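J.: Residue numbers (the working numbering), protein chains in the order written: chain V, 50 to 440; chain G, 50 to 440; chain F, 50 to 440; chain W, 50 to 440.
All residues carry an ideal CB built from backbone N, CA and C; glycine is no exception.
Note that this is a predicted model, so its numbers are computed, not measured.
Quick one: the structure is below, questions incoming.
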């Protein structure tokens, strides 16, 4: 057992930390931070910074221009990136691109990689992942998929509506999940400027950290050539798992950085602000919240590291990523909620970055499976007959 | 002991409920709902609706055009008003005007009442309450008051900075809390268009339910005639308590309405939305949240009723209003947080009113004394030597 | 709305409080307090005290020698009684006799009342309620009832096993729940000394407040005359509800007294014990726990009063008693757990009565339906189509 | 980073697991399990089993007959030992002997080691650690130490009262903490059969896992030769920290085993017991509790491993052991409380081992510093000026 980091990873951690502090955080109050995320111009500017620093798309394979980080290395680097809400944007490791890159590296054809993955990994374009649907379609329960794909010659014709499609505005292409006539699901790649795709509207959202915000997409007889199927026909649900298990974990990593940032801000305030005769943090009522933050941050970090290490050992990590998702999303949320409380009025206004983190983070208990779906899934696995050690 | 409501109160409850549903809720998606609250034009339109319905400023005395509601009646009516984020605006019972009206009825001179209170109670103008200050001034600890008032002939000269001043933009007058040379505090009334008052800026805030948002005010040699002192010199802290104890409780009432609204929205969704083979709410994981909502809503309502009844009996209600503030603000927050979770993606976007309620409500655990200050104050009272029943 | 108590109820409250303090609490360290509850001799001695004080079986009708308390009056008196773990034993208002008296007053024949109810109400004898069964029989799910009753001439023949039968040791008679051939359930009255009833063993239990502890009973061809059916054939489940809804609420009342006792003990300790330079309770970490206790105690009390009032108005109170059971059992438990923590080592040893209360109270989250069953039942009622106010 | 265990450690883990299952668990219902812990005869019998298995006192140095386990290895082995309440007794790794062995290895003289440590490590005798005092002496705040040691020639004369002295009954010797005339503290070694030591009484306690229970000791002019000072004069508080930081962590380890046991028992029951038409654990209300158990167990384990690894790297681990103590004691408690709830009536009776674990574990949130003292201590360290990364 060894909790130490290699010297090269320590160096990368420090380099990322410095990059975020020096190059990214100054942009946090830039006017191009909009209600629907950093503007494309801001994103592009930040991406160039990361490219110059050698920190762009570090999880992509070296062939795609990345650093080929394993999951443990991602845990270290993504936490540092998350210290600023703009960090993951700058480093091109934000949802949904991060997970799309991961998935496409695993299952896309060479031609698809050249056409879509390479510019995506280079931060030249963005993508979106079109899975979630309005009622009565696929929400927390993916099996309710209502968008259909029908074979027509050497094309597939796609019809349906998707929403909460992060980054749809401005994305160059989409991965689209659709139901086949036999009830199975398939993923399709499509440029966003094809006829048949329409961005209906942007959704007002609590968060504002994703470039392009969240959109509603309709597909009306969208024609996708058979060669643009991602992976194999009928394996959509399986690929969704391939994408989701690590994607959940990278969410945990990035949000850990945000939670740590909020904690640092609250701690600095608790040291400085006086009330009732002493520093705020010398009041046990505040000090205990700070102590609980330390515990939650440490537990989240250890949980992430352990799950990342399991994935690096070749585990599929389904139950482990569910455990990590629930545990980390709730711990990180508690941290940020406590920070708001410590900051008082500052915490619920733009006086502090913490309000923004608070708004950005609430959805994390819902994204990629709400806590309730993960608890249900964990319980189901526990209830299955298994190892003989119960007594 | 009797939990029943008089028939006239039941009638008023139903009338308010109908008014909110029919006249107010249709405005919830009106474009004049801005990040800094309903616009003045929207406010004025809603106020006219309430006036026509005979529901304007119902807590004011009949002499001031109100219904002279006691605290119990306020509990019933304000909960109904709170069912829409716009209800308290329409009925002129929102912070800070509601508390200012209450305070001025208690301590203003006749001349002050005619000049400021009457048009305020009539919904013609708005007011603000300038107490909170940036560090190192008065925040949770009012004794750190840094704004000063110095006697100069028959005037007082006020200097200082205030922030989180709700409704400052557009307010006609302010109640200003300032420190005297002897360390005591005094409240002053001043029109907002006097030289020496400057609205520096509006603050970005999580909530958007208060007309005029929250502003930063500076006073630079603001001259206030001695006749515009509110109540007596040196009694500022005492009046703050007079204002705050019931003001906290009316917050609990209004937010209870909002929490109930969120719960109704979540319940309707849980009945309708299907997932994993049955209605969402038939999953225990969701159903238990709904059950906990019912418990929290009922406990908050009973707690409010009890405290209101105590105030009506003539109690000062200091410890009771602290108990109610902590208990209700946290219970109502839990309800809204659970509703967000039940609604999933809808809960963190503008698809549902619940996101707005969620954003509006977070600060309630901080306004009028954060939970921590109230717990500390309750504990201090418990620790004082008292009744002989401990054993 | 009125939260005041009548002068006669206030007098009864004070009289009960004094009785508990002067006559009952001195017995708390009596050696006849055993792991299986107060011994029969201790019980008899306490009952005579209550008889002398005019406080015996106050919930029974005057005809049966009680005071005919309504539910609100029970709320007041039972809380006071619960202030000592021995109070409900002394006043003959403990489970299961309290609920059995209530049920028998409602459905027993005159002959049954004379034979069993009168001496029971007089505190001369005790009873037990034989419903719960070991797996795979009736536990939280009463429909799994496995004990059978078969008609044989003018008798019924009962076979089965029951456990967690409170007070079985020393009880004079039992109410037995058994399944009929048509699947319905019936309640039977039987003396405990009949052949065919065997007390297999006493169960070790966390609590020690019930006279006779908890036993395992077997019925082997127990013959019960048809005249000893309690109420009507086939109405067992309905009667169980008649008994349980108020029985749950009286549990809430008695345990509220216990929780208040624990809080008073912890508060006295927090005032007196010094640590790190000041009284324990002056540390916010402890003071906040005391404040939360006050909130939980007040909410539980108000919830009980409200539900009792509803029952007095003639409501069946099914959902209300579920809400109260969950809310009060969990609030009261939090109080006692905090008190243990405040008391430190004293709280986990016999140095303080609080350890005993802690042990006694844990099962209350399980008795009469675990929290989970109540939450499920509340949710089911919420999910049913209903009143048109959702929106 | 590496979460794998060496093959020798895996082998030791498996061997311990088998030993507990085969040799120790059969004794759990042995009648020699008393309210004051396993009897001396039971202890001796179990110790012989561990000796035969080569698993006795594994944390002691090889010179003392142990396996010289480092902290990480202890984490693995102690968790397995804790799977039975009797495991730590059998393997001689229970409080207070475990910590006393650790401390004496670090600071005792060779003569002291031969006289006291060797037989202690061999499981031939037991020891106690006499630090805690009744009010107004040293409780959570060790600086309030009231027991005094006065030099008298080449002896020290000790006077005072100690309580909660675990294992005092039957111990061969004690480590006694006393205050010197200059206000510093010193540890003394003394045989228990010396005149001047009196075991006043045993305390009733919630737990029953420690041989000898908990006693009250008085020292009346106890004469201790100067050569029996443990370590140096005046270093008592420092040694208490040397002892406590790892002792807290070994508590976390052993209780993790207990919590895992409770979870396994609850899970087996949830799989088997039917209610409302399906297995208990298929109800989300129960399944979610099982899922939360998994999360809490995993987080506690990772937290322990990390802290153990830090100690193995040479860290003093003060803040880390506080973080681990709070986090693990509360997580493990939540697990056991949930297991009680899942088991229903079984959980609060001797039908299941879980009731015993529940009773044993509650004090862990108090022992070795209550959660509140640790939170306070963590907060104090956070508030100290430090690393420049806050922002």
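1) Less than 7 angstroms between the beta carbons of residue 117 (chain F) and residue 106 (chain F), yes or no?
2) Report back the beta-carbon spacing between residue 336 (chain W) and residue 428 (chain V) to the nearest angstrom; my notes put them in contact at under 8 angstroms.
3) Looking only at C-alpha atoms, which of F:198, F:72, F:73 sits nearest to residue 283 (chain F)?
4) Can you check whether the C-beta of residue 437 (chain W) is within less than 7 angstroms of a C-beta belonging to chain V?
5) If contact is defined by three or more beta carbon pairs under 8 angstroms, each pair taking one atom from either stretch, is the region 251-261 of chain V in contact with the region 409-425 of chain V?
6) The alpha helix (DSSP H) spanning residue 354 (chain V) covers which residue range?
7) If you draw a straight line from the alpha carbon of residue 74 (chain V) to that of residue 301 (chain V), how long is it in whole angstroms?
8) Which residue comes first and which comes last in the alpha helix (DSSP H) that contains residue 416 (chain V)?
9) Between the Cα of residue 404 (chain V) and the Cα atoms of G:254, G:225, G:306, G:396, which residue gives the shortest distance?
10) Run through DSSP, which three-state label would residue 373 (chain W) get?
11) Does residue 87 (chain V) come out as helix, strand or coil in the three-state DSSP assignment?
12) Return no unless some Cβ of chain V is closer than 7 angstroms to the Cβ of residue 370 (chain G).
13) What are the uninterrupted segments assigned as beta strand (DSSP E) that are 3 or more residues long and contained completely in the region 193-250 of chain V, given in chain order?
14) Among F:52, F:129, F:240, F:398, whose alpha-carbon lies nearest the alpha-carbon of residue 219 (chain F)?
15) Is the Cβ of residue 313 (chain V) closer than 7 angstroms to any Cβ of chain G?
16) In chain F, what lies closer than 9 angstroms to residue 328 (chain G) by C-beta?
17) Cα-Cα, which of V:184, V:252, V:402 is closest to residue 324 (chain G)?
18) Quick check on DSSP: helix, strand or coil for residue 141 (chain G)?
19) Would you list, in chain order, the members of the region 319-344 of chain W that have their beta-carbon closer than 7 angstroms to a beta-carbon of chain G?
20) Buried or exposed: where does residue 350 (chain V) fall if 16 or more other Cβ atoms within 10 Å of its Cβ makes it buried?
21) Taking only beta carbons into account, state which residues of the region 351-380 of chain V come closer than 7 angstroms to chain W, listed in chain order.
22) Can you give the Cα-Cα distance for residue 333 (chain F) and residue 67 (chain W), rounded to whole angstroms?
23) Measuring only between beta-carbons, confirm whether residue 254 (chain W) sits less than 7 angstroms from chain F.
24) Does the beta carbon of residue 440 (chain W) sit closer than 7 angstroms to a beta carbon anywhere in chain G?
25) What does residue 427 (chain V) reach in chain W if we use C-beta pairs closer than 7 angstroms?
26) Is the Cβ-Cβ distance between residue 288 (chain G) and residue 236 (chain G) less than 7 angstroms?
27) Using a Cβ-Cβ cutoff of 8 angstroms, what residues of the region 225-257 of chain V are near chain G? List them in chain order.
28) List, in chain order, every chain F residue whose beta-carbon is nearer than 8 angstroms to that of residue 50 (chain G).
29) Could you spell out where the alpha helix (DSSP H) holding residue 57 (chain G) opens and where it closes?
30) Output yes if chain V places a C-beta closer than 7 angstroms to the C-beta of residue 415 (chain G); else output no.
31) Which of the three DSSP states, helix, strand or coil, is assigned to residue 51 (chain V)?
32) Across the region 294-312 of chain W and the region 141-157 of chain W, are there enough close Cβ pairs to call them in contact, namely three or more that are closer than 8 angstroms?
33) Mind reading off the beta-carbon distance from residue 122 (chain F) to residue 58 (chain F)? Whole number of angstroms is fine, and I expect it under 8 angstroms.
34) Is it true that the CB of residue 136 (chain W) sits closer than 7 angstroms to the CB of residue 175 (chain W)?
35) At a Cβ threshold of 7 angstroms, is residue 267 (chain W) touching chain B?
36) Can you check which of these residues, W:419, W:417, W:330, is closest to residue 434 (chain V) by C-alpha distance?
T.: Well, looking at it:
1) no
2) 3 angstroms
3) F:198
4) Interpretation of residue 437 (chain W) is limited by its pLDDT of 44, a score under 50 that renders its predicted location unreliable; the figure taken from the coordinates is listed afterwards. No - not a single Cβ of chain V is within 7 angstroms of the one on residue 437 (chain W).
5) yes
6) 333-361
7) 20 angstroms
8) Run containing residue 416 (chain V): none; DSSP gives neither H nor E here.
9) G:254
10) helix
11) strand
12) no
13) 197-201, 204-215, 222-228, 234-240
14) F:240
15) no
16) 432
17) V:184
18) coil
19) 332, 333, 334, 337
20) buried
21) 351, 352, 354, 355, 358, 372, 375, 376
22) 47 angstroms
23) yes
24) At residue 440 (chain W) the pLDDT is 36, less than 50, meaning the model places this residue with poor confidence; the figure from the coordinates comes in the next sentence. Cβ-Cβ to chain G under 7 angstroms: no for residue 440 (chain W).
25) 340, 343
26) yes
27) 252, 253, 254, 255, 256
28) 51, 52, 53, 54, 121, 354, 358
29) 56-68
30) yes
31) strand
32) yes
33) 6 angstroms
34) no
35) Checking the listed chains, one finds no chain B in this structure; the protein chains it contains are V, G, F and W.
36) W:330
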